[in-house]
Each structure stands twice: as C-alpha cells, then as structure tokens.
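One structure below.
Residue numbers (my numbering), protein chains in the order written: chain Y, 31 to 338; chain P, 21 to 396.
Listed below in structure tokens is the structure:
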C-alpha cells in the first residue's frame, strides 16, 4: 500500500532532496580533503614526500621553531595592517557608492578586475613597481628622483598589493549595509549638536557594525592565507604562512608539517566565522526580544485603556 | 517670553528647473506656534530644512533675532528638529537617545540623569527609558524624538510633519500634547504640515504655501474666514467656488455691496466685501458649505440681498454629527452646490432632508466672499 505523506514529512523529504547536490559537493570537495589534512598532520613524514602511516605529533612540535614563529608573527601583522587599510579605504568608498546616483555603474567598476586572472594582475603590479617600472620612470621623468626607488620585493609592496587585491571584498559588504543605513539619522545627529565626524563615529559606525565585521572577515581570512602576493612581490623577508605551506609540500616535502600549518589557518578562519555567527545571533536574539516587548507593550496599553 | 524671532527674507531655492522656494519672506514671532501649511512639493519642508541648516538658499537671508544664521552649520544653530521619520538612533535606548545631545557636550552624569528624567516626564515616557526604539509604538517614538529635540533647550523647535505617520486618533491626542508642551517650554515652534485641520487647531498663525510661494499669513480664523486667494479658499476646509463678473459695486456703510454675475449659478449673487471692485472685473466667488442654509420651503426673509436657489438633493452623505449634501440646481443642472447641515434634533423617520427632495439653499450676502486667482 502506498503511504501518503503528511505535508510536514513531505517538506522534510523534499528539503533533503534539494540539499543533496550541495551536500555531495561539500562532502567530496570540502569535508574529505579537510579530513585528509587533519589526518596527515598527525602522521610521520615520508622520506620522499607523502606520509608514513604512523601516529606522530612531530609536525606540531616542529611548528615551534623560532624561524616559523617569526613568519607567523609577520603574517599576523601584515594581515592586520592590510585589513585595516582595506576597511579604512572601503568605508568612504562604500559611503560614496551608497550616496551616488550611479550605483550600478560603480558596482560594475568594482567587478571589472575580477575578469582578469589574479596572477596577471599581480604581474601588472610588478611592472608598475619594479626599478625600471612605470612608477619609477614616471618619477624620474618628472625630475622628482634621480635614482630608482626600491618599491618592490619588500613588505610594503606585499601590503600594497594585498590591499589592492582584497579591497573589493571589503567594499561590497560595506556598501550593502551603508546602502540600507538611514541617512536622516546623520541629519538628526548634526541637528542635536554633533559635528560631521562625531555623527559618523557615534551614529553611523554602530549601525553598520554587521557590514564592518563581514568586510573584516572577507578580507582578513584570505589575506592571512595569501601566498602568491608575497611570493611574487615580496622579498626574502616577506614570507607568510601560505608560502611555508607551499614550500613544505613542494620543496621540503614535509606533508605533515604543511598539514599542521593548514590546520592553524583553518582554525583562525573558524574563529572568525564563529565570531560573526555569534554576533549575528546576538542581534537576531535582540530583535526577537524587542518584538516580544513591543507586543507586551501594546497589550498592557490596551488593557489600561480598557480599565479607563 | 523665551525663544527667538525667526525672520526669513526673500529666500529662494531651486533644484534644477524646479523652484522650491520663490522669494519667500516671513517673520515668526518669539514663542509663537507657527505653521507652514501646504500640499506636498509646496516648499514648506525646504524652508524648514534651510532654517535647520540642512539646505542652503540660493539667495535671501535667515536670521534669529536679527542675527544671520546662514553661515552656521546645523549643530551651531539654536534650533532642533523633530523629524517626520522620527530618526531615533536604533542602537541606543530611549534614555541614551534623549541623553545624546548632552553626552556630545560632555555633561556630567548627575546633570544628564536629572535633565533626561525631567524631559522623559514632560513627554510621559516613564517606564520606557530602557527600551530600544524598535520596541516602541509610533506615538512613543515621536515622544522620544520631541524630548530629544527639546533637551538642548533650543530657541526654536522645528517640526517636520511629526504626526503624519500616526493614526488619526493618536494624532489628535499628540497634537493636544504638543500644544501643552509648547505652553510649558514657551519657545518658538515652527510646524510643517499638509493637514489643514492640524494647522488650524494648534497654530497661533499659519502661512499657507503653494508652488514655492507664501500665499497668506494669518491666524487660523483669518485664513479660514477670509482667504486671500482661490487656492487658500479651496485648500483650507471645503468650499464652493464659482468664477464671476462684477456687475455693480456700491458703498454700504464701511463695506461694499457687490452684485455679481455667476454663470455657473445662472443668476446674480449679492456679496459684501471690505474692498471695492471694478465693474466688469473677473473674480472668483466662494461660499463655505456650512454657511448655506438648506430647507424644504423658501426662506422667509425680507432681506433683498439674500441669495436663494432651488434644487434637488443629488447626493446626501451622512456622517453622524452632520450631513453633506450635493444640490443639483434647477436653473443650471450641471452645477452642484455643497451644503453641510448639522443634525441637532433626532427624528424617528431619519434625517430631515432625503435623497431627491426638492430643497431651497440660501445664504446672506455677508456669508460669501470674493477671492483672486493669483496663481494664473
């Protein structure tokens, strides 16, 4: 006999069905590779690459090498500086875009760089920054300098190119939240005695917090794992964690150590994501509370009226 | 009397080809409850934004007590605004919203608390101070906005259609409260609205605006009873307006008695006015529906200047305390005359005047008036 499903059961079955392709994709290309990396990080390195199937914590012990600590430290400060600059530039950009009449056009301009492969864009930066590059030639022709400045193969070049690469990821979420922001609140703040700067710091920033945290995560996490930028425009003292992982896989052939570093990256990203989820949940929770309080408020109001 | 005198002189403001304000001059007295009344797009909000400092005139001057305020940014002006959309800060509680202006001036904690509670009391929001704006009803939000705007002790309070987002009953209550608050704080209130009943009920004086110009400034009584132009007559309250030509004009004591030819009434109409008009001049004749008497029998009047017309009740609209009738005239069936009648006595068989009844409508010469059509 054919069993007739109740609507709720049907819904549940359909839900499973709809999410199947996504689930399959995540299992094949995300969960399985991540599990392999976790597994490898706890194994012994093979002599010519690969792993030996024997439990070992040596990969994690090797991480506490002072030279790695230096790289980790550098990765952290380069990431923080680049992310902060991204946010500081993206904030006025997002503001201007939200206020502009040509939003679609400006969004289009932000998308354009993505049409070109990122490697090619990094090479473009090399040709701009190198000693005989565009910028040095320009400055020489203008007579501002006599000798080429060393603009490339150092940490500053890494930071500049990282900011360039990840700026759109900061602008887009900031633009969407600022676009939803009620600008009459700024008028109100000015009216009540705030200067323009005070009105932005005290009224606008607290109200676009969710956009700021999204922009932070969208830029900080990829910058933290960056390896092409430091590889191509950085000097010998610009290595970041991403470069170590590549080196451990392809040169030193220490796969467990590469896996262990990947675990560090993943954990730091996870912390970021959980922080975002947590703050989002808190906001949601607050909204719900507010709604309940409003209903309560209306109820008591009515009952008071009734008494009168 | 607290507050300042607000003077705008020859203020103009254009957006592209659109003249939002066209050479507007107005003088608002100290401590006055002054309304700017007009349809949307008439320039009233632009004038308010110029006074607040959010907009800047192309030409003209604005002064508080003869001191030019145009060079000052909004935060330096002795005026605070209550916004149409409330513009409460969503991330702050009611208490912090009201305390916001004080916090900006780094007022000490004890003073902040004492002043905030004073204004919370003024707008009757005790018990709500720890709520976020999203937890408040529309009326409560507007009270917060009023308290927040008043706590700086400004000399002028600017109100930009503050009640338009509220329902009718609440609007009436808040309007009365607003009037009481005005009496208590005693500063100059400038109230922008498109709702003529709001403006009439609370204002000391009203400026009626249309198409960037001020058409008339006066007390509610003057504006309603002696409108200066055709627009004012039709915008404030309801009225009957007919184009007319002056047939004769003779002095009658202090007034003038005019005989008019009104084609839409197919008859002559008598009207008294304080101004003499040239014979042959084209004007508009208007009479308010509540000034017209309606009866089944011709009015027994020995006054020769009584205007009486016979007609049929085309459309009775009952609204409880009164009825509105549209009367189709016998002599000119294409003209409908609007008449209000109060229901002062209860009749078992229903209202005295019914649909399709033959009736007489009449008004005396000093109930009608003449207006000029200045817009064209």
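Just so you know, even glycine gets a beta-carbon here, dropped at the ideal spot from N, CA and C.
Everything numeric in this text was worked out from a predicted model, so none of it was measured.
Asked: Within its chain, find whatever has a CB closer than 7 Å to the CB of residue 281(P); leave out the 5 residues flanking it on each side and keep chain order.; Found: 264, 265, 267 and 288
Asked: Beta-carbon separation of residue 246(P) and residue 55(P) under 8 Å?; Found: no
Asked: Report the rounded CA-to-CA distance for residue 122(P) versus residue 387(P), giving the unit in angstroms.; Found: 54 Å
Asked: Is the CB-CB distance between residue 228(P) and residue 58(P) below 8 Å?; Found: yes
Asked: Could you check the C-alpha separation between residue 39(P) and residue 260(P) for me, to the nearest Å?; Found: 30 Å
Asked: Can you give the Cα-Cα distance for residue 122(Y) and residue 238(Y), rounded to whole angstroms?; Found: 13 Å
Asked: With a CB to CB cut of under 6 Å and the five nearest residues on each side skipped, what residues in its chain are close to residue 256(P)?; Found: 216, 243 and 244
Asked: I think residue 295(P) touches residue 276(P), with their Cβ atoms under 8 Å apart; what is that distance to the nearest whole Å?; Found: 7 Å
Asked: Could you check if residue 40(Y) is buried or exposed, using at least 16 other CB atoms within 10 Å of its CB as the buried criterion?; Found: exposed
Asked: Could you round the C-beta distance between residue 340(Y) and residue 197(Y) to whole angstroms and report it? I think they count as a contact, below 8 Å.; Found: What is shown of chain Y runs 31 to 338, which leaves residue 340(Y) out entirely.
Asked: Hey, would you say residue 14(P) sits closer than 8 Å to residue 174(P), going by beta carbons?; Found: With chain P covering only 21 through 396, there is no way to say anything about residue 14(P).
Asked: Measure the alpha-carbon distance for residue 26(P) versus residue 82(P) and round it to whole angstroms.; Found: 7 Å
Asked: If distances are taken between C-alpha atoms only, which option among 99(P), 93(P) and 338(P) comes closest to residue 169(P)?; Found: 99(P)
Asked: Around the Cβ of residue 124(Y), are there at least 16 other Cβ atoms within 10 angstroms (buried) or fewer (exposed)?; Found: buried
Asked: Below 8 Å on C-beta distance, what does residue 209(Y) contact in chain P?; Found: Result: empty, since nearest Cβ-Cβ is about 16 Å, beyond 8 Å.
Asked: Report the rounded CA-to-CA distance for residue 304(Y) versus residue 165(Y), giving the unit in angstroms.; Found: 42 Å
Asked: Using a threshold of 8 Å, state whether the C-beta atoms of residue 188(Y) and residue 259(Y) are closer than that.; Found: yes
Asked: Closer than 7 Å, Cβ to any Cβ of chain Y: which residues of the segment 106-125 of chain P, in chain order?; Found: 107, 109, 110, 111, 120, 121, 124 and 125
Asked: In chain order, what residues of the same chain have a beta carbon less than 7 Å from the beta carbon of residue 113(Y), not counting five sequence neighbours either side?; Found: 246, 249, 250 and 253
Asked: Do you know whose CA, among 73(P), 77(P) and 389(P), lies nearest residue 232(P)'s CA?; Found: 77(P)
Asked: Residues of the segment 262-276 of chain Y in Cβ contact with chain A at a cutoff of 9 Å, in chain order, please.; Found: Given the protein chain composition of this structure (Y and P), no chain A is represented.
Asked: Can you say whether residue 365(P) is buried or exposed, counting buried as having 16 or more other CB atoms within 10 angstroms of its CB?; Found: exposed
Asked: Less than 8 Å separating the beta-carbons of residue 136(P) and residue 106(P)?; Found: no
Asked: Which residue from 244(Y), 70(Y), 34(Y) and 256(Y) puts its Cα closest to that of residue 83(Y)?; Found: 70(Y)
Asked: Beta-carbon within less than 7 Å of residue 73(P)'s beta-carbon, same chain only, minus the 5 sequence neighbours each way: which residues are those?; Found: 92, 93, 94 and 97
Asked: Taking Cβ positions only, does residue 74(P) come closer than 8 Å to chain Y?; Found: yes
Asked: Report the partner residues of residue 392(P) according to the DSSP bridge assignment.; Found: 249(P)
Asked: So does the segment 283-300 of chain Y actually touch the segment 86-94 of chain Y, counting three or more Cβ pairs closer than 8 Å?; Found: yes
Asked: According to a CB-to-CB cut-off of less than 8 Å, which residues of the segment 170-203 of chain P neighbour chain Y?; Found: 172
Asked: What does residue 228(Y) touch in chain P if you count any residue whose Cβ is under 8 Å from its own?; Found: 124
Asked: Against chain P, which members of the segment 216-249 of chain Y pass a CB distance test of less than 7 Å?; Found: 217, 218, 220, 221, 222, 223, 224, 225, 228, 233, 236 and 237
Asked: Since I believe residue 193(Y) is in contact with residue 116(Y) (beta carbons under 8 Å), could you give me their beta-carbon distance rounded to a whole number of angstroms?; Found: 6 Å
Asked: Flag this pair as touching only if the segment 378-393 of chain P and the segment 319-336 of chain P have three or more C-beta atom pairs under 8 Å; answer yes or no.; Found: yes
Asked: Exposed or buried, which one is residue 127(Y) when buried takes at least 16 other CB atoms within 10 Å?; Found: buried
Asked: When burial is assigned at 16 or more other CB atoms within 10 Å of the CB, is residue 153(Y) buried or exposed?; Found: exposed
Asked: Specify the secondary structure class of residue 27(P) as computed by DSSP and reduced to three states.; Found: strand
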